[in-house]
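Here the protein sequences line up with chains A and B, keeping their order.
Under the numbering used here, the letters of the first sequence match residues 125 to 337, in that order.
Under the numbering used here, the letters of the second sequence match residues 125 to 337, in that order.
For glycine and all other residues, C-beta sits at the position ideal for the given N, C-alpha and C.
Since the model is a prediction, treat every value here as computed from it, not as a measurement.
Just below is one structure, and these are the notes that go with it.
Number of protein chains: 2
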Amino acid sequence: MPDVEDTLTNALRRRIIDGEFAPGTRLSEISLAEKLGVSRNTLREAFRVLAEQGLIEHVPHRGVSVASPGVADVVDIYRARRYVEPAALAAGSPLHPAVTAMREAVEQGETSLEARDWRTVGTANMAFHDAIVALADSPRLERLFRDIAAELRLAFLEIDNPEALHAPFVTRNRALLETFLEQGGPAAAAELQEYLVLSERTVLGAFTRLRHG
Amino acid sequence: MPDVEDTLTNALRRRIIDGEFAPGTRLSEISLAEKLGVSRNTLREAFRVLAEQGLIEHVPHRGVSVASPGVADVVDIYRARRYVEPAALAAGSPLHPAVTAMREAVEQGETSLEARDWRTVGTANMAFHDAIVALADSPRLERLFRDIAAELRLAFLEIDNPEALHAPFVTRNRALLETFLEQGGPAAAAELQEYLVLSERTVLGAFTRLRHG
DNA sequence: TGACATCGATTGTTCAACAATGATAGCCGG
DNA sequence: CCGGCTATCATTGTTGAACAATCGATGTCA
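In structure tokens:
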């Protein structure tokens, strides 16, 4: 059985990603420690990990709050994605185990799309891109992607229009997978570049619409 | 004035990178807390940050030790570098402020090379590559590079033949900078690819030589 | 010699306390 | 009536001590 603190960190991350604490919410040490049944010190250790991952913001003497990514964060996240994902896809082998994960994520997305379960669509979408990064077989790049993917989910939570954010990309995922399998990595990488540009534009558009009303 | 813990984290990272604690050394909570004049709880929070950055390894109920990167780690670090650095250089502008940092790092390397101060040569080398990544203007990619650069320094410490590791790359840095300024980003990116392959081979060679006595 | 039980040291976690800081509310002067 | 100042208060930062849980080593016995 893993440590209490490790479990606590994962539990907290899941709760934050699932939207239990809205972005920007302040997390009081005392009340949250009591709620979770752990001591303040243990909770603070978990806070340090999550802050390092960018999921929460830590301001000295003002406590921690759930991160609320802004436009600059979204831009930077997509920049990082464009550095990593297409290159991983370009160099990836169709025989790599992660391809199975890609296929499963596509199918999961299609199933959830029919059920109009947008949140699950979003999860499947992320799993698809996670599998792409996994093609690189690089723990450090996977860690980077895990962190920025979590931040991106926070941005999605702020927007709160999951259908517009996730639905259009299910068919694109399917198409991208087929391109990769039939035409190879480089062709798929080029397609993914455009995909990511479009995705970024979608998110940023929703953001500015938020700010204006 | 920053927080004690933040200062503590930075101080610990510097000490580790500087080789004060050799890779693999176990860091006892009690003795280290006493030595640094902080409490165990505060020290443990700093440990969580450094563990998240990959500088120390944390095994439940067995404490933390300074990370000692192996061949697999070095391979992964260079893989990540090849994903990020050439792309940043290819898209970088010669007018970017980081170019000044690149130039300064090159000159610092040349000065330290003449003085046969290998450690400083290594530092200048890292500053050069850090400036390359800074061309991308991406906080998240900079954070990734900061972490893997710190890990790489640990690997260098294990090898302990700083001249062979750092000296050959001073002239290559100068050449790479000139290529970037005179022939543009893409040409420099191609040169950097070969540079990184050579650098990786140098490190891995020293590693295997270590294992054989 | 080797398996096993015991011991000791270290980590994991909690609790209580106090100092330091930031935010709030209320007061005062204009 | 309003803006700035001050005192208060709640929260975080840090410490120290305590106890349980776990791992490694020591020593015992067959």
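| query | result |
| --- | --- |
| Taking 8 Å as the threshold (C-beta atoms), are proline 210(A) and glutamine 307(A) in contact? | no |
| Can a CB atom of chain B be found closer than 8 Å to the CB of aspartate 241(A)? | no |
| Following the continuous beta strand (DSSP E) through valine 190(B), name the residue where it begins and the one where it ends. | 187-190 |
| Cα separation between valine 294(B) and valine 257(B)? | 18 Å |
| Taking contact to mean 3 or more Cβ pairs, one atom from each stretch, closer than 8 Å, check whether the region 171-178 of chain A and the region 228-246 of chain B are in contact. | no |
| Histidine 220(B) lies in the alpha helix (DSSP H); which residues open and close that run? | Counting along the chain, histidine 220(B) falls outside any alpha helix (DSSP H), and DSSP gives it neither H nor E. |
| Within the same chain, show all residues whose beta-carbon is closer than 6 Å to that of glutamate 287(B), passing over the 5 residues directly before and after it, in chain order. | Trp242 |
| Can you have a look at serine 262(A) and say buried or exposed, based on whether 16 or more other CB atoms are within 10 angstroms of its CB? | buried |
| Roughly how many whole angstroms lie between the Cα atoms of proline 221(B) and phenylalanine 252(B)? | 13 Å |
| Any beta-carbon of chain A closer than 8 Å to the one on leucine 300(B)? | no |
| Taking the continuous beta strand (DSSP E) assigned at glutamate 181(A), which residues delimit it? | 180-183 |
| Quick check on this structure: which residue in Arg186(B), Thr131(B) and Gly161(B) has the alpha carbon closest to the alpha carbon of leucine 151(B)? | Arg186(B) |
| So, does the CB of alanine 204(A) fall closer than 8 Å to a CB anywhere in chain B? | yes |
| Could you tell me whether the Cβ of leucine 219(A) comes closer than 8 Å to any Cβ of chain B? | no |
| From Ile154(B), Glu324(B) and Thr244(B), pick the residue whose C-alpha is nearest to that of aspartate 200(B); which is it? | Glu324(B) |
| If you draw a straight line from the C-alpha of arginine 164(B) to the C-alpha of leucine 276(B), how long is it? | 28 Å |
| Confirm, please, whether the CB-CB distance from tyrosine 319(B) to leucine 342(B) is below 8 Å. | No information on residue 342(B) is available, as it lies outside the stretch 125 to 337 that chain B covers here. |
| Let me check one thing: in DSSP terms, what residues is arginine 150(A) bridge-paired to? | Ser189(A) |
| Identify the continuous alpha helix (DSSP H) that holds glutamine 307(B) and give its terminal residues. | 292-307 |
| When the Cα atoms are used, what is the spatial distance from proline 184(B) to leucine 334(A)? | 45 Å |
| In chain order, what residues of the same chain have a beta carbon less than 7 Å from the beta carbon of glycine 148(B), not counting five sequence neighbours either side? | Ser189, Val190 and Ser192 |
| Quick one: which residues of the region 252-269 of chain B get their C-beta closer than 9 Å to a C-beta of chain A? List them in chain order. | Ala260, Asp261, Ser262, Pro263, Arg264, Leu265, Arg267 and Leu268 |
| Quick check on methionine 125(B): does DSSP put it in helix, strand or coil? | Reliability of the predicted coordinates at methionine 125(B) is poor, the pLDDT of 43 falling under 50, and the value obtained from them is presented with this limitation in mind. Correct three-state label for methionine 125(B): coil. |
| Looking at the C-beta of valine 341(A), does it have a partner C-beta in chain B at a distance below 8 Å? | What is shown of chain A runs 125 to 337, which leaves residue 341(A) out entirely. |
| Verify the CB distance criterion: does alanine 211(B) have a CB-CB separation below 8 Å to chain A? | yes |
| Do we get a CB-CB distance below 8 Å when we pair arginine 172(B) with the residues of chain A? | yes |
| If the cut is a Cβ gap below 7 Å, which residues of chain B does arginine 168(A) touch? | Glu169 |
| The alpha helix (DSSP H) with arginine 267(A) in it runs from where to where? | 263-283 |
| Run through DSSP, which three-state label would valine 162(A) get? | coil |
| Aspartate 200(B) versus chain A: which residues are under 9 Å apart at the beta carbon? | Asp261, Ser262, Pro263, Arg264 and Leu265 |
| Can you pull the chain A neighbours of asparagine 165(B), defined as C-beta to C-beta under 9 Å? | Asn165, Arg168 and Glu169 |
| For the region 311-332 of chain B, enumerate the residues whose C-beta is nearer than 9 Å to any C-beta of chain A, in chain order. | none |
| Measure the CB-CB distance between asparagine 249(A) and asparagine 297(A) and report whether it falls below 8 Å. | yes |
| Please name the residue, chosen from Phe280(A), Ala196(A) and Thr131(A), that lies closest to leucine 174(A) on a Cα-to-Cα basis. | Thr131(A) |
| Leaving aside the five residues before and after alanine 170(A) along the sequence, list all residues of the same chain whose C-beta is less than 7 Å from its C-beta, in chain order. | Glu129, Leu132, Thr133 and Leu136 |
| Work out the CA separation of arginine 205(A) and leucine 281(A) for me, nearest whole Å. | 19 Å |
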